[in-house]
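A.B. asks: For what it's worth, our numbering labels the leading residue of the sequence shown as 6, then goes sequentially. Cβ coordinates follow ideal geometry from the N, Cα and C atoms, glycine included. This one's a predicted model, so the numbers in the text were calculated from it and none came from an experiment. Quick one: this structure, given as structure tokens, is what I'll be asking you about.
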Amino acid sequence: MTIKLNAHLTDHFRITPIQKIALHKLQIQTVYDLLRYFPVRYGDTAETRSIDSLRHGDTAVIYGKITGLKTSKGFRTHIAMADGYVEDETGRIHCVWFNQPYVAKMYTDQMLVRIEGKISERRKKQLKTSGELYFSNPKIETVDRLPTGVGDSLFGDDSEKHTLYPVYSESRGISTLWLYHAIQKIFKSSALDELEEPIPNDILKKYNLPSLKTALIWIHTPLKKDDALSARKRFAFEEIFLIQLGKQQARRAYRSEPAWDIETDEKNVGEFVRRFPFKATEAQNKAITMILKDMNRGFPMSRLLEGDVGSGKTAVAAATAYAVMVCKHLQVAYMCPTEILATQHFESFIRYFSYMPIQIALITGSGCKKFPSKVNPKGWTDISRAQLLRWVADGSISVVIGTHALIQKSVIFKNLAYVIIDEQHRFGTSQRARLIKKNDHPHDSHRPTPHLLSMTATPIPRTLALTMYGDLDLTVLDQSPEGRKQILTELVLPDDRNSTYEKIRLELQAGRQAYVICPRIDEPDPDKEAAIIARSVKEEARRLKERVFPEFEVGILHGKMTPKEKDLTMARFNDGTIKILCATSVVEVGVNVTNATIIIIEGAERFGLAQLHQLRGRVMRSTHQSYCYVFTETKSARSIERLKALRSAKNGFELAELDLSQRGAGRLSGAKQWGVSDLAMEALQNLKMVEAARTEAINMIATDANLDEFPILKQVVLARTRDSHFE
Ligand code: ADP
Ligand code: MG
Numbered sequence: 006m007t008i009k010l011n012a013h014l015t016d017h018f019r020i021t022p023i024q025k026i027a028l029h030k031l032q033i034q035t036v037y038d039l040l041r042y043f044p045v046r047y048g049d050t051a052e053t054r055s056i057d058s059l060r061h062g063d064t065a066v067i068y069g070k071i072t073g074l075k076t077s078k079g080f081r082t083h084i085a086m087a088d089g090y091v092e093d094e095t096g097r098i099h100c101v102w103f104n105q106p107y108v109a110k111m112y113t114d115q116m117l118v119r120i121e122g123k124i125s126e127r128r129k130k131q132l133k134t135s136g137e138l139y140f141s142n143p144k145i146e147t148v149d150r151l152p153t154g155v156g157d158s159l160f161g162d163d164s165e166k167h168t169l170y171p172v173y174s175e176s177r178g179i180s181t182l183w184l185y186h187a188i189q190k191i192f193k194s195s196a197l198d199e200l201e202e203p204i205p206n207d208i209l210k211k212y213n214l215p216s217l218k219t220a221l222i223w224i225h226t227p228l229k230k231d232d233a234l235s236a237r238k239r240f241a242f243e244e245i246f247l248i249q250l251g252k253q254q255a256r257r258a259y260r261s262e263p264a265w266d267i268e269t270d271e272k273n274v275g276e277f278v279r280r281f282p283f284k285a286t287e288a289q290n291k292a293i294t295m296i297l298k299d300m301n302r303g304f305p306m307s308r309l310l311e312g313d314v315g316s317g318k319t320a321v322a323a324a325t326a327y328a329v330m331v332c333k334h335l336q337v338a339y340m341c342p343t344e345i346l347a348t349q350h351f352e353s354f355i356r357y358f359s360y361m362p363i364q365i366a367l368i369t370g371s372g373c374k375k376f377p378s379k380v381n382p383k384g385w386t387d388i389s390r391a392q393l394l395r396w397v398a399d400g401s402i403s404v405v406i407g408t409h410a411l412i413q414k415s416v417i418f419k420n421l422a423y424v425i426i427d428e429q430h431r432f433g434t435s436q437r438a439r440l441i442k443k444n445d446h447p448h449d450s451h452r453p454t455p456h457l458l459s460m461t462a463t464p465i466p467r468t469l470a471l472t473m474y475g476d477l478d479l480t481v482l483d484q485s486p487e488g489r490k491q492i493l494t495e496l497v498l499p500d501d502r503n504s505t506y507e508k509i510r511l512e513l514q515a516g517r518q519a520y521v522i523c524p525r526i527d528e529p530d531p532d533k534e535a536a537i538i539a540r541s542v543k544e545e546a547r548r549l550k551e552r553v554f555p556e557f558e559v560g561i562l563h564g565k566m567t568p569k570e571k572d573l574t575m576a577r578f579n580d581g582t583i584k585i586l587c588a589t590s591v592v593e594v595g596v597n598v599t600n601a602t603i604i605i606i607e608g609a610e611r612f613g614l615a616q617l618h619q620l621r622g623r624v625m626r627s628t629h630q631s632y633c634y635v636f637t638e639t640k641s642a643r644s645i646e647r648l649k650a651l652r653s654a655k656n657g658f659e660l661a662e663l664d665l666s667q668r669g670a671g672r673l674s675g676a677k678q679w680g681v682s683d684l685a686m687e688a689l690q691n692l693k694m695v696e697a698a699r700t701e702a703i704n705m706i707a708t709d710a711n712l713d714e715f716p717i718l719k720q721v722v723l724a725r726t727r728d729s730h731f732e
């Protein structure tokens with residue numbers, strides 16, 4: 006039978022409407038998509054136990070027939086649950102799924118299943134005998150047939166040695182079993198012969214990676230664990246290699262553009278830096294030197310400045326902008342994600358540059374301002390948009406700071422030489438590109454491309470930075486300014502909740518304010534899977550007001566509020582009317598309320614360390630001592646140990662690395678935003694592999710930028726780059 010790789014699945018498989026929805030959800034459309042849908046893990050029948058051998062406390066895998074499935078409600082707790090029995094030839098055991106009544110609907114009696122989980126025991130108090138054993142919330146999967154003995158194959162008779170079998174992430178209608186058989190059908194056709202290997206042979210050899218065809222077979226039906234691992238390694242390498250090739254091409258393209266040569270008089274800039282009301286950190290000085298060098302290399306700079314909140318990125322931006330502005334007629338654009346940030350930077354720049362005869366402007370959705378002002382010699386004035394556009398176009402304004410308003414078509418620069426993007430992750434690729442293109446004039450295609458400085462406070466692990474920012478040079482501000490007060494961070498377990506509230510009450514009475522971060526907006530939905538008892542913003546605000554802090558005004562802030570409601574709440578927090586603000590973690594509070602010195606984080610075990618660190622940064626800028634209370638109700642010693650790193654880690658990057666090594670990349674905050682597969686994310690724990698993929702990509706692009714010698718690779722890279730631009 007011939008099955009074409011790019012054929013739609015419906016051409017070769019009977020697919021029900023429900024399965025169609027599921028496949029759509031899993032983003033599987035073609036035969037090749039299905040082959041690229043990898044198992045999340047592997048089961049091994051060699052680890053099977055018989056039911057009569059199970060003991061209380063064991064974690065075990067059994068196979069059997071399921072019977073007596075039904076939904077019920079807990080006797081006292083009224084928790085909805087499903088339960089049933091699984092039997093093999095040695096006995097039967099009760100299985101209970103608390104909070105998962107839907108299990109009873111997903112499976113039916115007599116189905117053959119695999120059960121994996123922990124064995125609990127129900128004690129009969131009066132009798133003092135050992136009670137009934139049961140599986141509590143085990144994993145359940147359907148299987149084709151029962152293994153007839155330990156180490157038996159599930160793969161049919163032709164593959165006796167297979168004790169491993171793939172387990173896929175399922176969706177209603179598409180089970181592991183279905184996926185397994187569909188993939189077998191494809192394997193048995195001649196479809197795999199059609200595969201074209203994108204990775205050059207010598208690279209596969211060098212890193213001992215299997216070919217595409219072998220890797221596909223190994224990943225879906227491994228004979229041994231090592232085969233599965235090799236296959237996964239290959240696909241992870243492939244993905245990182247492809248990303249790197251795209252990034253290296255972009256980097257090369259940027260570097261081939263004409264650049265502005267900025268006369269970088271280090272002495273002059275040094276004097277500017279010495280005017281700062283503080284002593285620059287060594288990290289800041291190093292960053293400034295690096296950037297100045299970049300501006301004088303004959304091609305445009307593209308650099309990422311990574312630094313924790315408060316590490317002083319604005320000062321680096323200002324000092325390097327200074328170097329540009331002292332060159333006649335050259336201009337700087339500084340883009341920020343929010344109006345509040347733009348206004349703050351505008352005010353800082355006025356402070357830094359007020360002694361110089363230059364003009365600074367602000368453009369946001371709500372209007373334009375300019376410094377200096379004829380009427381108000383010390384400060385700025387409001388100007389019209391038209392005025393601003395004119396002065397930017399004729400070059401008389403040297404720095405324009407603004408929000409997205411900066412990239413509107415009507416904003417045209419005379420000589421834009423330096424683009425600074427703050428909190429760059431908040432902008433899409435195309436928005437960044439539009440700002441850089443601001444210099445292009447329709448009648449002159451040889452105009453220099455501006456130097457680009459992207460800044461971010463999102464701590465990410467080094468391997469992720471090397472991969473996703475492969476087109477940029479990286480500078481890390483890994484040092485906090487001296488003398489900055491540390492945020493006192495405390496891990497609060499349930500027993501200490503009340504005494505902690507009393508400490509907080511004293512601060513509030515002294516006039517300070519507090520944030521309370523909750524993991525949810527609404528009451529937990531009791532019908533949801535495994536109803537997680539997470540505190541919700543609304544419920545917590547009510548509880549705090551009624552039971553804990555009746556004397557203080559409590560407000561709420563979350564993503565489902567309208568922008569107007571949010572602004573109103575923020576304004577009331579800013580002017581001190583609201584003393585305690587309950588918010589979700591996703592809401593960027595966006596302003597620095599310097600009087601807010603306390604942050605309480607509820608359900609802290611549910612956040613990544615780097616994310617907790619960023620949340621904590623909200624109370625960083627005060628001159629008063631700030632406090633972060635990390636509330637957790639977890640009983641897991643490991644979770645508590647993990648949270649303790651918040652007190653010991655030096656900076657956010659260290660915490661991001663810890664997240665990566667302890668929780669896996671899948672749980673890195675914002676993992677989804679990178680658009681990388683789980684498999685590649687897993688590979689990011691492996692610095693060697695990331696560096697290998699990067700080195701190979703750099704070498705390849707250096708000799709063959711267009712990948713003309715590697716037509717298959719070229720096509721795949723192109724497709725991938727195109728996809729990632731649809732953000
Ligand atoms: P971020 O890196 O988060 O953007 P900012 O540039 O906003 O940080 O700086 C935070 C605060 O620290 C500002 O008030 C700034 O004036 C101050 N600051 C910056 N560098 C130093 C330094 N070397 N010593 C002391 N304070 C500094
Ligand atoms: Mg900043």
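Within a Cβ cutoff of 6 Å, which residues of the same chain sit near Leu-712, ignoring the five residues on either side of it in sequence?
C.D. replies: For the purposes of this step, residue 712 is taken as residue 707 along the sequence shown, with counting starting at 1. If we look at Leu-712 and ignore the five residues flanking it on each side, its Cβ neighbours are Leu-718 and Lys-719.
A.B. asks: Does the Cβ of Thr-708 have 16 or more other Cβ atoms within 10 Å, making it buried, or fewer, making it exposed?
C.D. replies: Translated into the one-based positions of the sequence shown, residue 708 becomes position 703. Classification of Thr-708: exposed, given that the 10 Å Cβ count is below 16.
A.B. asks: Going by DSSP, what residue range makes up the beta strand (DSSP E) through Thr-369?
C.D. replies: Position 364 of the sequence shown, counted from the first residue, corresponds to residue 369. Where Thr-369 is concerned, the enclosing beta strand (DSSP E) stretches over 365-369.
A.B. asks: Suppose you measure from the CA of Ser-141 to the CA of Leu-221; what does that come to, to the nearest Å?
C.D. replies: By 1-based counting over the sequence shown, the position of residue 141 is 136. By 1-based counting over the sequence shown, the position of residue 221 is 216. Going from the Cα of Ser-141 to the Cα of Leu-221 covers about 35 Å.
A.B. asks: Taking 8 Å as the threshold (C-beta atoms), are Met-116 and Ile-71 in contact?
C.D. replies: Numbered from its first residue, the sequence shown carries residue 71 at position 66. Numbered from its first residue, the sequence shown carries residue 116 at position 111. It is a contact, given that the beta carbons lie within the stated cut-off.
A.B. asks: Can you determine whether any heavy atom of the ligand ATP sits closer than 7 Å to the C-beta of Lys-284, and answer yes or no?
C.D. replies: Questions concerning the ligand ATP fall outside what the structure shown contains, since the ligands it does hold are the ligand ADP and the ligand MG.
A.B. asks: Taking the beta strand (DSSP E) that His-456 belongs to, which residues open and close that run?
C.D. replies: For the purposes of this step, residue 456 is taken as residue 451 along the sequence shown, with counting starting at 1. His-456 -> beta strand (DSSP E) spans 456-461.
A.B. asks: May I have the straight-line CA-CA distance separating Leu-689 from Asp-483, to the nearest angstrom?
C.D. replies: Sequence index remark: in the sequence shown, residue 689 carries index 684 (1-based). Sequence index remark: in the sequence shown, residue 483 carries index 478 (1-based). Using only the alpha carbons, I get a separation of about 21 Å.
A.B. asks: Can you give me the C-alpha to C-alpha distance between Leu-665 and Phe-246, rounded to a whole angstrom?
C.D. replies: Here residue 665 is taken as the residue at index 660 of the sequence shown, counted from 1. Here residue 246 is taken as the residue at index 241 of the sequence shown, counted from 1. Their backbone Cα atoms lie some 20 Å apart in a straight line.
A.B. asks: Confirm the yes/no value for this check: CB of Lys-318, any heavy atom of the ligand ADP, distance under 7 Å.
C.D. replies: As a first step, residue 318 must be located in the sequence shown, where it is residue number 313. At least one heavy atom of the ligand ADP is nearer than 7 Å to the Cβ of Lys-318, so yes.
A.B. asks: Can you name the residues that DSSP bridges to His-13?
C.D. replies: Counting from one through the sequence shown, the residue named residue 13 turns up at place 8. Paired residue(s): Thr-35.
A.B. asks: Reducing DSSP to helix, strand and coil, say where Leu-477 ends up.
C.D. replies: By 1-based counting over the sequence shown, the position of residue 477 is 472. Three-state DSSP puts Leu-477 in coil, outside helix and strand.
A.B. asks: Are there any heavy atoms of the ligand MG lying less than 7 Å away from the beta-carbon of Asp-427, as far as the coordinates show?
C.D. replies: One-based indexing of the sequence shown puts residue 427 at position 422. Yes, Cβ of Asp-427 sits closer than 7 Å to a heavy atom of the ligand MG.
A.B. asks: Taking C-alpha atoms, which residue in Ser-77, Asn-273 and Arg-257 lies nearest to Val-331?
C.D. replies: Mapped onto the sequence shown, residue 331 falls at position 326. Minimum Cα distance to Val-331 is reached at Asn-273.
A.B. asks: Please classify Thr-319: does DSSP put it in a helix, a strand, or coil?
C.D. replies: Here residue 319 is taken as the residue at index 314 of the sequence shown, counted from 1. In the structure shown, Thr-319 sits in a helix (DSSP, three-state: H, G or I).
A.B. asks: Look up Ile-706 in the DSSP assignment and say whether it is helix, strand or coil.
C.D. replies: One-based indexing of the sequence shown puts residue 706 at position 701. Reduced to three states, the DSSP call for Ile-706 is helix.
A.B. asks: Under 6 Å Cβ to Cβ from Phe-43, same chain only, skipping five residues before and after it: list those, please.
C.D. replies: On the sequence shown, position 38 is the one that residue 43 refers to. Excluding sequence neighbours, Phe-43 sits near Ile-224.
A.B. asks: Identify, in the order they occur along the chain, each residue of the same chain with its Cβ nearer than 6 Å to the Cβ of Gly-475, setting aside the five sequence neighbours on each side.
C.D. replies: Taking the first residue of the sequence shown as position 1, residue 475 is located at position 470. Answer for Gly-475: Gln-249 and Lys-252, listed in chain order.
A.B. asks: What number of angstroms, rounded off, separates the C-alpha of Glu-201 from the C-alpha of Pro-716?
C.D. replies: As a working note, residue 201 is residue 196 in the sequence shown. As a working note, residue 716 is residue 711 in the sequence shown. Near 11 Å, if we compare the C-alpha coordinates of Pro-716 and Glu-201.
A.B. asks: In whole angstroms, what separates the C-alpha of Thr-95 from that of Thr-147?
C.D. replies: For the purposes of this step, residue 95 is identified with residue 90 of the sequence shown, where counting begins at 1. For the purposes of this step, residue 147 is identified with residue 142 of the sequence shown, where counting begins at 1. Answer to the nearest angstrom: the Cα atoms are 20 Å apart.
A.B. asks: Under 8 Å between the Cβ atoms of Leu-124 and Cys-100?
C.D. replies: Position 119 of the sequence shown holds residue 124. Position 95 of the sequence shown holds residue 100. In the sequence under discussion, the amino acid at residue 124 is Ile, which differs from the Leu named in the question. Not closer than 8 Å, so no.
A.B. asks: Thinking C-alpha only, which one of Asp-38, Tyr-423, Leu-367 and Leu-493 is nearest Gly-407?
C.D. replies: Stepping through the sequence shown from its first residue, residue 407 is reached at position 402. Of the candidates Asp-38, Tyr-423, Leu-367 and Leu-493, the one whose C-alpha sits nearest the C-alpha of Gly-407 is Leu-367.
A.B. asks: Compare the C-alpha of Thr-286 against each of Glu-137, Ala-320, Val-314 and Met-306 and name the closest.
C.D. replies: Position 281 of the sequence shown, counted from the start, is the residue given in the question as residue 286. Comparing Cα-Cα distances from Thr-286 to each of Glu-137, Ala-320, Val-314 and Met-306, the minimum goes to Ala-320.
A.B. asks: Taking 7 Å as the cut-off, is the C-beta of Pro-486 nearer than that to any heavy atom in the ligand ADP?
C.D. replies: On the sequence shown, residue 486 is found 481 positions in, with the first residue counted as 1. Pro-486 Cβ: within cutoff of the ligand ADP.
A.B. asks: Candidates Glu-344, Thr-386 and His-334: which alpha carbon is nearest Ile-355's?
C.D. replies: Locating residue 355 in the sequence shown gives position 350, where the first residue counts as 1. The residue with the shortest Cα to Cα distance from Ile-355 is Thr-386.
A.B. asks: For Pro-561, which of helix, strand or coil comes out of DSSP?
C.D. replies: As a first step, residue 561 is located in the sequence shown; it is residue number 556 there, counting from the start. Per the sequence presented here, residue 561 reads as Ile, with Pro not at that position. Strand at Ile-561.
A.B. asks: Pick out whichever of Arg-621, Ile-509 and His-451 has its Cα sitting closest to the Cα of Thr-494.
C.D. replies: Locating residue 494 in the sequence shown gives position 489, counting from the first residue. Checked all of Arg-621, Ile-509 and His-451; the closest Cα to Thr-494 is Arg-621.
A.B. asks: For Lys-584 versus Gln-518, is the C-beta distance shorter than 8 Å?
C.D. replies: Here residue 584 corresponds to residue number 579 of the sequence shown, with the count starting at 1. Here residue 518 corresponds to residue number 513 of the sequence shown, with the count starting at 1. In contact: Lys-584 and Gln-518 (Cβ atoms closer than 8 Å).
A.B. asks: Considering Cα atoms alone, identify which of Ser-261, Trp-396, Ile-604 and Phe-351 is closest to Gln-630.
C.D. replies: As a position in the sequence shown, residue 630 is number 625, starting the count at 1. Among Ser-261, Trp-396, Ile-604 and Phe-351, the Cα nearest to that of Gln-630 is on Ile-604.
A.B. asks: Check each candidate in Asn-213, Leu-479, Arg-611 and Lys-230 and name the one with the smallest Cα separation from Glu-311.
C.D. replies: On the sequence shown, position 306 is the one that residue 311 refers to. Cα-wise, what sits closest to Glu-311 is Leu-479.
A.B. asks: Please state whether the Cβ-Cβ distance between Ile-492 and Tyr-632 is less than 8 Å.
C.D. replies: If you number the sequence shown from 1, residue 492 lands on position 487. If you number the sequence shown from 1, residue 632 lands on position 627. Closer than 8 Å, so yes.
A.B. asks: Any idea what DSSP makes of Glu-287, helix, strand or coil?
C.D. replies: In the sequence shown, residue 287 corresponds to position 282, counting from 1. Glu-287 falls in the helix class under three-state DSSP.
A.B. asks: Give a yes or no on whether the C-beta atoms belonging to Phe-376 and Arg-502 are separated by under 8 Å.
C.D. replies: Along the sequence shown, one-based indexing puts residue 376 at 371. Along the sequence shown, one-based indexing puts residue 502 at 497. Result no, Cβ atoms of Phe-376 and Arg-502 do not sit closer than 8 Å.
A.B. asks: Measuring alpha carbon to alpha carbon, tell me which residue in Met-473, Gln-619, Val-337 and Asn-656 is nearest Val-681.
C.D. replies: Residue numbering aside, residue 681 sits at position 676 when the sequence shown is read from its first letter. That would be Met-473, whose Cα lies nearest to the Cα of Val-681.
A.B. asks: Using a Cβ-Cβ cutoff of less than 8 Å, which residues in the same chain neighbour Gln-34 once the five nearest sequence positions on both sides are dropped?
C.D. replies: For the purposes of this step, residue 34 is taken as residue 29 along the sequence shown, with counting starting at 1. Once the five neighbours on either side are set aside, the close Cβ partners of Gln-34 are His-13, Leu-14 and Leu-28.
A.B. asks: Pick from His-334, Arg-547, Glu-551 and Val-553: whose alpha carbon is nearest that of Ile-561?
C.D. replies: In the sequence shown, residue 561 corresponds to position 556, counting from 1. Ile-561 has its Cα closest to that of Arg-547, out of His-334, Arg-547, Glu-551 and Val-553.
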